[in-house]
Amino acid sequence: MRFARFFSILMFATSFLLCEEQTEYKRTPEERRDLLLFVTITLAPWGQSVYRNPCKNSEYSQPIALNVPLNASGKLENYRFITGPNGFKYSLTVSSDYPNCGIGLSIYNCRDSFSNLFATNYNVVCDQGQFQNPISGGTQTCTISSFSNQLVIISFSPNSIDKPFQCNAISFEVLP
299 MRFARFFSIL MFATSFLLCE EQTEYKRTPE ERRDLLLFVT ITLAPWGQSV YRNPCKNSEY
359 SQPIALNVPL NASGKLENYR FITGPNGFKY SLTVSSDYPN CGIGLSIYNC RDSFSNLFAT
419 NYNVVCDQGQ FQNPISGGTQ TCTISSFSNQ LVIISFSPNS IDKPFQCNAI SFEVLP
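And the structure:
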């Protein structure tokens, strides 16, 4: 079955390489070979890692309770919460050494497994600061009203990719 899937993907990819439109620019044989090699390696079944989806399997996340502060540990943690009709409300407390240290906070809903809607500055309303730029040395309360009546996954870590240094204190709390 894996071989059949791999073979069909390979044939699909090569059809794009061989049936180019007649435009001014055509791929050279070397470019076609490199693209075919890239597609083959990328889509090969032996090169794929298993994505552990916390929306589909509760083993990959921990339940989170209302009004229980979570302090960031040394690694990324996934938490789950089922929201009510008013959406998702939380508070985030960050120590004053931010923004010299990093915060990893991702919040997304599990309504549709193909297009999980992530929290951004556009759909999160905070009393001070922004979702992607929390306030330093204080607490902000934020609400995502579009995340109502659904399972929400919170990925929380004490550092981020661009700022790997851990903040002195980070606390996250789900509010009613």
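Going by our numbering, the sequence shown opens with residue 299, and the numbers climb by one from there.
Built from N, CA and C at the ideal position, the CB exists for glycine as well.
Nearest-angstrom Cα distance between I368 and D460?
With the sequence shown as reference, residue 368 is identified as Leu, and Ile is not the correct amino acid for it. So the two alpha carbons sit approximately 23 angstroms from each other.
Please report the residue range of the beta strand (DSSP E) in which K387 lies.
K387 -> beta strand (DSSP E) spans F386 to V392.
With the cut-off set at 8 angstroms, would you say E375 and F454 are in Cβ contact?
Going by C-beta atoms, E375 is nearer than 8 angstroms to F454.
Please report the distance separating the alpha-carbon of S443 from that of Q360.
If I take the Cα positions, the gap works out to 22 angstroms.
When you compare each of T381, N398 and L334 to Q464 by their alpha carbons, which one comes out closest?
For Q464, the nearest C-alpha among the options comes from N398.
Can you tell me whether G372 is buried or exposed? The criterion is at least 16 other CB atoms within 10 Å of its CB, across all chains shown.
Exposed, because fewer than 16 other Cβ atoms sit within 10 Å of the Cβ of G372.
Grab the span of the beta strand (DSSP E) containing E471 for me, first residue to last.
Looking at the DSSP string, the run of the beta strand (DSSP E) that includes E471 is I468 to L473.
Can you tell me which residues form a DSSP beta bridge with V450?
Answer by DSSP bridge pairing, in chain order: F379 and N407.
Determine the extent of the beta strand (DSSP E) in which G436 is found, giving its start and end residues.
Taken as a continuous stretch (DSSP letters only), the beta strand (DSSP E) holding G436 covers G436 to I442.
Leaving aside the five residues before and after Q430 along the sequence, list all residues of the same chain whose C-beta is less than 8 angstroms from its C-beta, in chain order.
Same-chain partners within the cutoff: T418 and N419.
Straight-line CA distance for L333 to R325?
Going by the C-alpha atoms only, they are around 10 angstroms apart.
Excluding the five sequence neighbours on either side, which residues of its own chain have a C-beta within less than 7 angstroms of the C-beta of Q426, listed in chain order?
Only I433 and Q438 meet the Cβ criterion.
What does DSSP give as the partner residues of L364 in its beta bridges?
DSSP output for L364 lists V472 as bridge partner(s).
Going by other Cβ atoms of all chains shown within 10 Å of its Cβ, with 16 needed for buried, is I362 buried or exposed?
The residue is buried, with at least 16 neighbouring Cβ atoms inside 10 Å.
With a cut-off of 8 angstroms on the beta carbons, I'd call F470 and Y388 a contact; round off their distance for me.
About 6 angstroms; that satisfies the 8 angstroms criterion.
Which residue wins for smallest C-alpha separation from L473, given the options N384, E329 and R331?
If we check each option's Cα against that of L473, N384 comes out closest.
Apart from the five residues just before and just after C440, which ones in its own chain have a Cβ nearer than 8 angstroms to its Cβ?
Cβ neighbours of C440 beyond the five flanking positions: K387, Y388, S389, L390, V422, V423, C424, D425 and F429.
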